[in-house]
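Peer 1: Residue numbers (full-length UniProt numbering), protein chains in the order written: chain A, 1 to 595; chain B, 1 to 595.
2 protein chains.
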Amino acid sequence: MASYSPPLRDMRFVYHELMGCDALTDLPGYEEFTPDLIDPILEEAGKLCADILAPLNRSGDEEGCRLENGVVYTPAGFREAYKLFREGGWTAISCDPDYGGQGLPAAVNVLVEEMICSANLSFGMYPGLSHGAYRALAAHGSEELKRVYLPRLVDGTWTGTMCLTEPHCGTDLGLLRTKAVPQEDGSHRITGTKIFISAGEHDLAENIVHLVLARLPDAPKGSGGISLFLVPKLLPDAEGDPGPRNAVQCASLEHKMGIKASSTCVLNFDEATGWLIGAPHKGLSAMFTMMNAARLAVGVQGLGLAEAAYQGSVAYARERLQGRALSSAKAHDQPADPIIVHPDIRRMLLLQRATVEGCRAMAVWVAKGLDEQERHPDPAVRAESEDFVALMTPVVKALFTDLGFESANLGMQVLGGHGYIREHGMEQHVRDTRIAQIYEGTNGVQALDLVGRKLGAHGGRYLRQFFHPVSAYVERHAGNASMAPFVGPLGKAFGRLQQATAQVAQKGLADPDEAGAAATDYLRLFGLTAMAYLWARMAETAMERAEAGDPDGFYAAKIATARFFMERMLPQSGALFSQVMAGGASMMEFDEAAF
Amino acid sequence: MASYSPPLRDMRFVYHELMGCDALTDLPGYEEFTPDLIDPILEEAGKLCADILAPLNRSGDEEGCRLENGVVYTPAGFREAYKLFREGGWTAISCDPDYGGQGLPAAVNVLVEEMICSANLSFGMYPGLSHGAYRALAAHGSEELKRVYLPRLVDGTWTGTMCLTEPHCGTDLGLLRTKAVPQEDGSHRITGTKIFISAGEHDLAENIVHLVLARLPDAPKGSGGISLFLVPKLLPDAEGDPGPRNAVQCASLEHKMGIKASSTCVLNFDEATGWLIGAPHKGLSAMFTMMNAARLAVGVQGLGLAEAAYQGSVAYARERLQGRALSSAKAHDQPADPIIVHPDIRRMLLLQRATVEGCRAMAVWVAKGLDEQERHPDPAVRAESEDFVALMTPVVKALFTDLGFESANLGMQVLGGHGYIREHGMEQHVRDTRIAQIYEGTNGVQALDLVGRKLGAHGGRYLRQFFHPVSAYVERHAGNASMAPFVGPLGKAFGRLQQATAQVAQKGLADPDEAGAAATDYLRLFGLTAMAYLWARMAETAMERAEAGDPDGFYAAKIATARFFMERMLPQSGALFSQVMAGGASMMEFDEAAF
Chain A
1 MASYSPPLRD MRFVYHELMG CDALTDLPGY EEFTPDLIDP ILEEAGKLCA
51 DILAPLNRSG DEEGCRLENG VVYTPAGFRE AYKLFREGGW TAISCDPDYG
101 GQGLPAAVNV LVEEMICSAN LSFGMYPGLS HGAYRALAAH GSEELKRVYL
151 PRLVDGTWTG TMCLTEPHCG TDLGLLRTKA VPQEDGSHRI TGTKIFISAG
201 EHDLAENIVH LVLARLPDAP KGSGGISLFL VPKLLPDAEG DPGPRNAVQC
251 ASLEHKMGIK ASSTCVLNFD EATGWLIGAP HKGLSAMFTM MNAARLAVGV
301 QGLGLAEAAY QGSVAYARER LQGRALSSAK AHDQPADPII VHPDIRRMLL
351 LQRATVEGCR AMAVWVAKGL DEQERHPDPA VRAESEDFVA LMTPVVKALF
401 TDLGFESANL GMQVLGGHGY IREHGMEQHV RDTRIAQIYE GTNGVQALDL
451 VGRKLGAHGG RYLRQFFHPV SAYVERHAGN ASMAPFVGPL GKAFGRLQQA
501 TAQVAQKGLA DPDEAGAAAT DYLRLFGLTA MAYLWARMAE TAMERAEAGD
551 PDGFYAAKIA TARFFMERML PQSGALFSQV MAGGASMMEF DEAAF
Chain B
1 MASYSPPLRD MRFVYHELMG CDALTDLPGY EEFTPDLIDP ILEEAGKLCA
51 DILAPLNRSG DEEGCRLENG VVYTPAGFRE AYKLFREGGW TAISCDPDYG
101 GQGLPAAVNV LVEEMICSAN LSFGMYPGLS HGAYRALAAH GSEELKRVYL
151 PRLVDGTWTG TMCLTEPHCG TDLGLLRTKA VPQEDGSHRI TGTKIFISAG
201 EHDLAENIVH LVLARLPDAP KGSGGISLFL VPKLLPDAEG DPGPRNAVQC
251 ASLEHKMGIK ASSTCVLNFD EATGWLIGAP HKGLSAMFTM MNAARLAVGV
301 QGLGLAEAAY QGSVAYARER LQGRALSSAK AHDQPADPII VHPDIRRMLL
351 LQRATVEGCR AMAVWVAKGL DEQERHPDPA VRAESEDFVA LMTPVVKALF
401 TDLGFESANL GMQVLGGHGY IREHGMEQHV RDTRIAQIYE GTNGVQALDL
451 VGRKLGAHGG RYLRQFFHPV SAYVERHAGN ASMAPFVGPL GKAFGRLQQA
501 TAQVAQKGLA DPDEAGAAAT DYLRLFGLTA MAYLWARMAE TAMERAEAGD
551 PDGFYAAKIA TARFFMERML PQSGALFSQV MAGGASMMEF DEAAF
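Following this line, the structure appears as structure tokens:
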């Protein structure tokens, strides 16, 4: 099984050279995050991931989680690894210093998250869910709740969950039935069943903080009648130390295709004690404040597993001797050539590579937007950044996870039969990455978010944050011969995206089913165009930097991958364009009974 | 979990109405296979699959196979099911009547195979591998071997295997090391280790007949020094009854991503007794005589699982109430609409449907070619059919299994979180279908077969069997307004395929890496064009038939699916065309050290 090697060189390229994130030190609160601080953080995170988390990935998958008498046991080694993770301060890196956090920029955090996902996605679920709970509570909780819970979520002694889904409702939370009855002391009694609750019960932390969506007795029907509650597994005493057990139980663990070391629970709340977070009936919007970050984080799961699969398939392609190069034998001293000589193997490796590096650049781009949205002194810049992040969030979530799954499958294809058996760990990547296309809003829901909420909103205001820079970039490089192999295809794809956008916006106004029918293909077209923009910029940066020398060939490889992307991946945009332009009649006119 | 419902109506459409397979009764040996015989056979096969095999699919996956003291136990129920399968004559349907077979046309057999794969792919592996061994033995075995082994393989009391792969060699069989030492009595002693041997050891049959590739002492190096041997698990006595145990042992079972009820063995041969099949050093070509049939069969696995996934996702989409239709609520008496109202759900269902019905038509088309190749009285027709089957085989194998995997994943996406847990069986379809892209020659190898062996061979003679009929069809319908929505897109895709073919042939002559770099995308372009041709023909047939009435809406749905295919699936051909035309430099010039 291939070991994990943190892609630090490319991370530094994206952070410092491509995206100029060193300028984040200009933002209030980020002054100290100079390159000499950032690089060692990434290195340390990489070590933790490679040395501690990655070695537990396959054993965790084999062993899975175990439920015994209401207690969930994580696989061997997870408790010790979590202790190291927590003590190393990794649960705190992107949290508010007021609550013990380190306040690192999102643009750094996203790279740390990528490495955690590459090394051990199941492990990453526990701190990942905690961080979601942290964010919702930090944004909407009362001072009293924040004082008790936030420091413990930040230092990782407690973990958190997000309890949304019920057996009959997932995407449509308006249907949810869990009840909350107010008590005289200001608390509530929560009763209901939640399913698919990641990290819902486990043995890593001394307490678990459930954030639960439920209905108050006077709640209006539908999604406008949902409130958010904090329900701890153990009720804290006056000092905040875990006290008696609350009435929430893990009824069973789901048997899943992958991420088997992540405990996915059915939770029964039986008059459990909880406290309201935010205003009554405003639970969904409170949830949505952490949703952007959570969706970006799920996108990064796709990226992380694509990187892991890439590394595994490159290692195999170098080692596996099979057949001879089509042109002429290469490894004359061996009985056969390594399969990396074959064009079709290289095609698959480069598809993975173009995916990984393109998505990584996009992840940092959007995360930097998140930093500016939160900290830029100019409110106009903050507003623009907010638009940009809102626009790109569904694209990142769906594109990265779709491409991540494709990359894991390409990895398996490179390994052939050896990819299908457990030994090399590649089939686990395929199984693990598959969930990312589904949870935190299926990729179809992301596409509807893009065409339904982001495209037309405020007269297309969100779109400007993408269209303007790309349009300006294409114009600026119009006469540049060395950039033509990149800007030419980008311009073509961008033109298609503009046309498709106009059609989707126009037709969708008259008939929302038209927008819905276009949504998934439109999102992919948008995502590929965004990747093309970033690949053109990466080629440009690499060419500039290479003028001062390229001893390890890093920049040459970057330019070569950019070329591959333009020639062999971006052409999909033409097909997607045709499919969008064909409209939705072929779907909507199909007789439902005939399916 | 959705039950399996045999798609008999569509099978009858393809067999009788579209492909005119009733005319197969004109071929010698097929005289009796009139529609009144064929339809009940399909019905009976459907019943067996729905009632006996499908109910064991999920339990078989959960339980898997078990190795104890060299004995492999299949999951509960498999022995009883195999007994029924065998006694029902299903192991014999496409075998030679001289050995107890029923001699059914391949065009029928392919439909039976599809249903078996839909119901229980793991189960189907056991008779499937047997059939491969039957074919190789029937084509190349001595009369004595055939007399003893064929009747037992045909009636299923014994099963067979194909032992090719070794730890260090899969695609490149020239590297294989298993040795065969001739004995004075004419037998051989076989020694070596084989891996990934499907049905290598199990408890379904009283004996197992291994067909083993090995090297004779005087064998030339490479693939021209491989011979084929028959090595029974139990050595038959003079009457052909199973006698003493031969020196072949199952050392371990592979732990696989899917098809867990199919036993995949590491087999150790330790001076096992075997007999040569065919000529010395001609083992690979003997294997290749059954390879076409085996590859078509693996393609059909993709089709079968796409159908199963389609049925599962349609059932879920009708039942799952979630959200409201984008245009206006449909199910006013329900708290939400079934998700089948949503365009993006319909898009996924129609992608599956267009895949399934298109592949089914292609499967019967090619299988009919196989029948004509074997039985047509006119040697010219036989030769043409052989060319056609040789050309289409890699396309069917790779296209069907790629699309089958995509369809299974679309099924999972329709089910959302419920698709990722085991309960509904959809994640099993994803895991099971994934292997079909790998075994029997990876899909990359199929693509190389198409561009390397089939495209240029005999001055492009193979190609004519596809290009001529399609070209004639497009011309014939050029002025037909009602066919324009189908023939227009077909003509465009076909034009692209012709241009791409010219480029691949030309560039590939000068540099085989150019053909290799184009291969996978070219194969998909070819496959989509072939599907477009069949979808046009299906639309045509449906329109003609509908004139006499369409009470159940079958023909209307067919025409609507054809339209969907042309508008939402075929446009991919444009992207594939661009990718092929971009050439291979971006892959081959990438510095190997930089991966």
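Beta carbons: idealized from backbone N, C-alpha and C, even for Gly.
How many Å lie between A457/B and Y82/B at the Cα?
Peer 2: Rounded to whole angstroms, A457/B to Y82/B spans 42 Å at the Cα level.
Peer 1: Could you check the C-alpha separation between G186/B and I195/B for me, to the nearest Å?
Peer 2: Computed Cα separation, rounded: 27 Å.
Peer 1: Report the start-end ranges of each alpha helix (DSSP H) in the UniProt domain "Acyl-CoA oxidase/dehydrogenase middle" (162-271) of chain B that is 4 residues or longer and not cut off at the edges.
Peer 2: Listed in chain order, nothing qualifies, since the UniProt domain "Acyl-CoA oxidase/dehydrogenase middle" (162-271) of chain B has no complete alpha helix (DSSP H) run of 4 or more residues.
Peer 1: When Cβ atoms are compared, which residues of the stretch 335-349 of chain B fall closer than 7 Å to chain A?
Peer 2: Taking 7 Å as the Cβ-Cβ cut-off against chain A, the residues of the stretch 335-349 of chain B that qualify are P335, A336, I340, H342, P343, D344, R346, R347, L349.
Peer 1: List the whole-angstrom C-beta distance separating F85/A from L56/A, where the pair is believed to meet the contact cut-off of C-beta under 8 Å.
Peer 2: Actually they do not touch by this definition, with Cβ atoms about 11 Å apart.
Peer 1: What are the partner residues of I559/B, as DSSP defines its beta bridges?
Peer 2: I559/B is not bridged to any residue.
Peer 1: Please name the residue or residues paired with I277/A in a DSSP beta bridge.
Peer 2: Answer by DSSP bridge pairing, in chain order: L228/A.
Peer 1: For a contact defined as C-beta to C-beta under 8 Å, what are the partners of S586/A on chain B?
Peer 2: The contacting residues are L350, A560, R563, F564, E567, R568.
Peer 1: Excluding the 5 residues flanking L403/B on each side, which residues of the same chain have their C-beta closer than 7 Å to its C-beta?
Peer 2: G302, A306, T355, C359.
Peer 1: Measuring CB atoms only, is the stretch 202-222 of chain B touching the stretch 29-49 of chain B, in the sense that at least three cross pairs come out at less than 8 Å?
Peer 2: Too few Cβ pairs lie closer than 8 Å, so no.
Peer 1: With a threshold of 8 Å between beta carbons, is Y439/B in contact with chain D?
Peer 2: No chain D appears in this structure, whose protein chains are A and B.
Peer 1: Is P338/A helix, strand or coil by DSSP?
Peer 2: Of the three classes helix, strand and coil, the one that applies to P338/A here is strand, per DSSP.
Peer 1: Does DSSP put L27/B in a helix, a strand or coil?
Peer 2: In this structure, L27/B counts as coil in the three-state DSSP scheme.
Peer 1: Determine whether the beta carbon atoms of I339/B and Q322/B lie at a separation below 8 Å.
Peer 2: Contact: yes.
Peer 1: What are the residues that DSSP puts in a beta bridge with E68/A?
Peer 2: Looking at the DSSP assignment, E68/A forms a beta bridge with V71/A.
Peer 1: Using the beta-carbon of each residue, which ones in chain A are nearer than 7 Å to T520/B?
Peer 2: Simply D344, R347.
Peer 1: Using 8 Å as the threshold, is the stretch 571-578 of chain B in touch with the stretch 566-578 of chain A, meaning 3 or more CB pairs across them?
Peer 2: Contact holds: three or more Cβ-Cβ distances are below 8 Å.
Peer 1: Consider the Cβ of P165/A: report whether some Cβ of chain B lies at a distance smaller than 8 Å.
Peer 2: The question names Pro, but residue 165/A is Thr in the sequence shown. Yes, because at least one Cβ of chain B sits closer than 8 Å to the Cβ of T165/A.
Peer 1: So with CB distances below 8 Å, who are the chain A contacts of Y555/B?
Peer 2: Under the 8 Å cutoff, chain A gives no residues; its nearest Cβ is about 10 Å from Y555/B.
Peer 1: Are at least three pairs of beta-carbons, each pair with one atom in the stretch 502-520 of chain B and one in the stretch 550-559 of chain B, less than 8 Å apart?
Peer 2: Counting Cβ pairs under 8 Å, fewer than three are found: no touch.
Peer 1: Smallest Cα separation from N69/A: which of P6/A, L153/A, E63/A, A251/A?
Peer 2: Answer by Cα proximity: A251/A.
Peer 1: Considering only C-alpha positions, which residue in the set V396/A, H418/A, N409/A is nearest to F319/A?
Peer 2: For the sequence presented, residue 319/A should be read as Glu rather than Phe. Among V396/A, H418/A, N409/A, the Cα nearest to that of E319/A belongs to H418/A.
Peer 1: Where do the ends of the alpha helix (DSSP H) carrying P512/B lie?
Peer 2: Where P512/B is concerned, the enclosing alpha helix (DSSP H) stretches over 512-546.
Peer 1: Buried or exposed: where does P28/B fall if 16 or more other Cβ atoms within 10 Å of its Cβ makes it buried?
Peer 2: It counts as exposed.
Peer 1: Would you list the residues sitting across from T159/B in a DSSP beta bridge?
Peer 2: DSSP, once it has assigned bridges, lists I208/B as partnering T159/B.
Peer 1: Would you call D237/B buried or exposed, if buried means 16 or more other Cβ atoms sit within 10 Å of its Cβ?
Peer 2: Exposed: under 16 other Cβ atoms inside 10 Å.
Peer 1: When Cβ atoms are compared, which residues of the stretch 312-330 of chain A fall closer than 7 Å to chain B?
Peer 2: Residues V314, Q322, G323, L326, S327.
Peer 1: For F269/A and V212/A, which I take to be in contact (beta-carbon distance under 8 Å), what is that distance rounded to the nearest angstrom?
Peer 2: Between V212/A and F269/A the Cβ distance is about 7 Å, and since that is below 8 Å, they are a contact.
Peer 1: Give me the Cβ distance between Y316/A and A390/A, rounded to the nearest whole Å; I'm assuming they're in contact under 8 Å.
Peer 2: At roughly 40 Å, the Cβ-Cβ gap does not stay under 8 Å, so Y316/A and A390/A are not in contact.
Peer 1: Mapping DSSP to helix, strand and coil, what is L326/B?
Peer 2: Looking at L326/B - three-state DSSP - the assignment turns out to be coil, as it is neither helix nor strand.
Peer 1: Rank M581/A, D591/A, L534/A, K260/A by C-alpha distance to the C-alpha of V14/A and give the top, closest one.
Peer 2: Closest option to V14/A, Cα to Cα, is L534/A.
Peer 1: Just checking my contact of residue 635/A with P105/A at CB under 8 Å: how many whole Å lie between their CB atoms?
Peer 2: Since the first residue shown for chain A is 1 and the last is 595, residue 635/A is missing from the structure and cannot be characterised.
Peer 1: Using a cut-off of 7 Å between C-beta atoms, extract the partners of S578/A located in chain B.
Peer 2: Neighbours of S578/A on chain B, chain order: P571, G574.
Peer 1: What are the residues of the stretch 365-382 of chain A that lie near chain B, defined by any Cβ-Cβ distance shorter than 8 Å?
Peer 2: The residues in question: there are none.
Peer 1: Using a Cβ-Cβ cut-off of less than 8 Å, give me the residues of the stretch 487-511 of chain B that come near chain A, in sequence order.
Peer 2: The residues in question are D511.
Peer 1: Report the rounded CA-to-CA distance for R135/B versus Y439/B, giving the unit in angstroms.
Peer 2: So the two alpha carbons sit approximately 18 Å from each other.
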